[in-house]
Each structure stands twice: as C-alpha cells, then as structure tokens.
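A.B. asks: The sequence shown begins at 1 in our numbering and counts up one residue at a time.
One structure, as structure tokens, below. Some questions next.
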Amino acid sequence: MTDLKPTASQARALRDMVDGHITLYAIVRYFHEDTGEKLDQPEVLGVGYDRVPRLDPDWWKPLLANGWIALPGPDDTGLRCTVTEAGRAWLAEHDKEN
C-alpha cells in the first residue's frame, strides 16, 4: 500500500463505485502473450467506465495503488473492478471525518 491521499473527487468516485453508480472496467494481461508465463505485475491494457466522472483519465490509479480497488483477476470471467475491503474501510473513516 502506498498511502496516497485521494482527492475529494477520487473519494467521491470510490463512493460511487460502492453505491453502484460507476462501474470501472479493465482489460488486464496477467501472462506473457508469447511464452504464457505469469507476469510479475499485471499489465493494464485499457480501462473504461459506464459513467464518466469529472476527473482526469487516471483517476483510478491512486485507488488501485492504495489497494482500495482491485483489478479483475486472471480467473474472473468479467472485466469489472471491485472495491476492496480496505477501500470500504477507508470510505467509512472518510465518511466519519466529513
């Protein structure tokens, strides 16, 4: 965890993900395309969302770096990113403070 403090807009986007108002999708490569070996770090090939938050295109990166959202795993059949328990805990603390 890198403990990057999100902006107010990023915190709102995380809240919107929990509440189901924004869905973040990611296409992720977990294995080397030629050898089939597992990559040390997953490679995000693209992201999209069903409602465009008024943020820069990389709004989700600090949330991922903090472990507050998770990319779809290599065994997942969908492309949906999820809010982690750590993300939900951070939101609960954030909601108390604000």
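In this text, a Cβ means the ideal position worked out from N, Cα and C, and glycines have one as well.
1. Assign GLN10 to buried or exposed, taking buried as 16 or more other Cβ atoms, counted over all protein chains shown, within 10 Å of its Cβ.
2. Classify GLU93 as helix, strand or coil using the three-state DSSP reduction.
3. How about TRP68 and THR84: are their beta carbons less than 7 Å apart?
4. Looking at the secondary structure, which residues open and close the beta strand (DSSP E) in which LEU79 lies?
5. Determine the contact status of PRO72 and LEU64, defining contact as a CB-CB distance below 7 Å.
6. Nearest-angstrom Cα distance between GLU37 and ALA70?
7. On the CB-based measure, 16 or more other CB atoms within 10 Å of its CB, does LEU24 come out buried or exposed?
8. Can you grab the Cα-Cα spacing for the pair THR2 / PRO62, in whole Å?
9. Buried or exposed: where does ASP39 fall if 16 or more other Cβ atoms within 10 Å of its Cβ makes it buried?
C.D. replies: Once the coordinates are examined:
1. buried
2. Three-state DSSP puts GLU93 in a helix.
3. yes
4. Looking at the DSSP string, LEU79 is not in any beta strand (DSSP E), and its letter there is neither H nor E.
5. no
6. 21 Å
7. buried
8. Unreliable placement is indicated for THR2, whose pLDDT of 49 sits below 50; the coordinate value is still reported in the next sentence. The straight-line gap from Cα to Cα measures roughly 8 Å.
9. First, the residue type needs correcting, since residue 39 is Leu and not Asp in the sequence shown. Counting Cβ neighbours within 10 Å, LEU39 comes out exposed, since fewer than 16 surround it.
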